[in-house]
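In the numbering used here, the protein residues as written are 294 to 543.
The following block contains the structure:
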C-alpha cells in the first residue's frame, strides 16, 4: 500500500510513517497543505491520510480541490477537533473516513485496510495501456495476450508507469514511488529496470505502452493513440527511444 500522509505534527507523522513502514507499506509525508495538494495531484497513492489543520492550506481545501479535479483516491481525514459538524463537513466534501486525534495506530491501520478494500471508484480494477494489461489485485501482467514474467520490482515499476501513462517521470520520482523509501543506491538503477521492461514487453518505440526516454527529464510511457494517430499526446516532445537493453541516462 502506498500512502500519502499530510501532517504537520512532526512526531505524529514520524510515528505513523514508521509504523506503516514496519507493516511493509510505502509512506510519503508532506508537512504543509500546498505540498500535500501537489503530491496528491501529481503522484499515485492507494490512500491519503489528511490532517485538517495544516499550514498554507487546510485539509478541507485540499480535499475539495482533489474531488473537483476528479481525483478519487480514498481519503481518511485526521483532526484534533471532536465534533459532529467537523465530521459532517469532511464527508460532505468527499472524505471516505474520519479519525479524531489521539487515535490508536491499530485502528488507523484497520481503517486504511478497509479503504484499500473498498478502493477508489474511478480507478480501474485492471490497468490497460495499448496491448499492456496489469491487474494489481492478483499481481499479473500481460502483453499482446501473453503473460509477462515480472519480478516484484519490475511489476511495481510497470504499474507506476501505467498509472502515469502520458506523463514524463523523473528517475527520482520513480525511485521515490517504486523503490524502498530508504533506498540510497545509484539513481541509474531505474535505467536498468526500464531496460528489463522494454525487453520483456517487446513493444516497438512509438506504440502505446512503450517506454520513451525524455532526455533531461526521465521516462514516459506512451498512452493511447491521439486523434491524429500518434501515440504521443499532442504538444509532448520525446526523444528517440534508446536501444532496448541499453537505456541512456536522461
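Note that the Cβ used here is the ideal one computed from N, Cα and C, for glycine as well.
1) Helix or strand or just coil, what does DSSP make of residue 303?
2) So the alpha helix (DSSP H) residue 469 belongs to, where does it begin and stop?
3) What does the Cβ neighbour count give for residue 363, buried or exposed, with the cut at 16 atoms within 10 Å?
4) If you count every other CB in all the chains shown that lies within 10 Å of the CB of residue 497, and 16 or more means buried, which is it?
5) Drop a sphere of 10 angstroms on the beta-carbon of residue 537, count the other beta-carbons inside from all chains shown, and report buried for 16 or more, exposed for fewer.
6) Mind checking who residue 439 pairs with in its DSSP beta bridge?
7) Just how far apart, CA to CA, sit residue 519 and residue 502?
8) Grab me the residues of residue 424's own chain with a C-beta within less than 7 angstroms of its C-beta, minus the 5 sequence neighbours each way, in chain order.
9) What beta strand (DSSP E) runs, 3 residues minimum, are completely inside the stretch 348-429?
10) Could you give the DSSP three-state label for residue 313: helix, strand or coil?
11) Within this structure, are the beta carbons of residue 305 and residue 326 separated by less than 9 angstroms?
12) Beta carbon of residue 389, beta carbon of residue 422: below 9 angstroms?
13) Taking only the alpha-carbon atoms, compute the straight-line gap between residue 298 and residue 440 and give it to the nearest angstrom.
14) Using a Cβ distance threshold of 8 angstroms, determine whether the stretch 460-469 contacts the stretch 504-513, with at least three qualifying pairs required.
15) For residue 480, collect the residues of the same chain with a Cβ closer than 7 angstroms to its Cβ; drop the 5 residues on either side in sequence, then sort them by chain order.
16) Going by DSSP, which residues form a beta bridge with residue 505?
17) Specify, as a first and last residue, the run of the alpha helix (DSSP H) that residue 456 falls within.
18) Less than 9 angstroms separating the beta-carbons of residue 486 and residue 427?
19) State the Cα-Cα distance for the pair residue 491 and residue 431, rounded to the nearest angstrom.
20) Could you tell me if residue 352 is buried or exposed, where buried requires 16 or more neighbouring beta carbons within 10 angstroms of its beta carbon?
21) Could you work out which residue in 383, 484 and 310 is closest to residue 358 when comparing CA atoms only?
22) Suppose the cutoff is 6 angstroms on Cβ atoms and the five residues either side in sequence are ignored; what does the same chain contact list for residue 470 look like?
23) Threshold first: 3 residues or longer. Then list the beta strand (DSSP E) segments lying entirely within the stretch 321-352, N to C.
24) Give the DSSP-derived three-state secondary structure of residue 491 in the structure shown.
25) Going by the CB atoms, is the gap between residue 313 and residue 344 shorter than 9 angstroms?
In terms of the structure at hand:
1) helix
2) 464-471
3) Burial call: exposed.
4) exposed
5) Note that residue 537 has pLDDT 28, beneath the 50 cutoff, so the model's placement of it is unreliable and no number is given.
6) 436
7) Residue placement at residue 519 cannot be trusted, given a pLDDT of 41 that sits under 50; the coordinates are not used to answer.
8) 436, 437 and 502
9) 368-372, 390-393, 420-422 and 425-428
10) helix
11) no
12) no
13) 35 angstroms
14) yes
15) 464, 465 and 468
16) Note: residue 505 sits in a beta bridge opposite 513.
17) 445-456
18) no
19) 22 angstroms
20) buried
21) Nearest C-alpha to residue 358: 383.
22) 453
23) 340-344
24) helix
25) No, the Cβ-Cβ distance between residue 344 and residue 313 is not below 9 angstroms.
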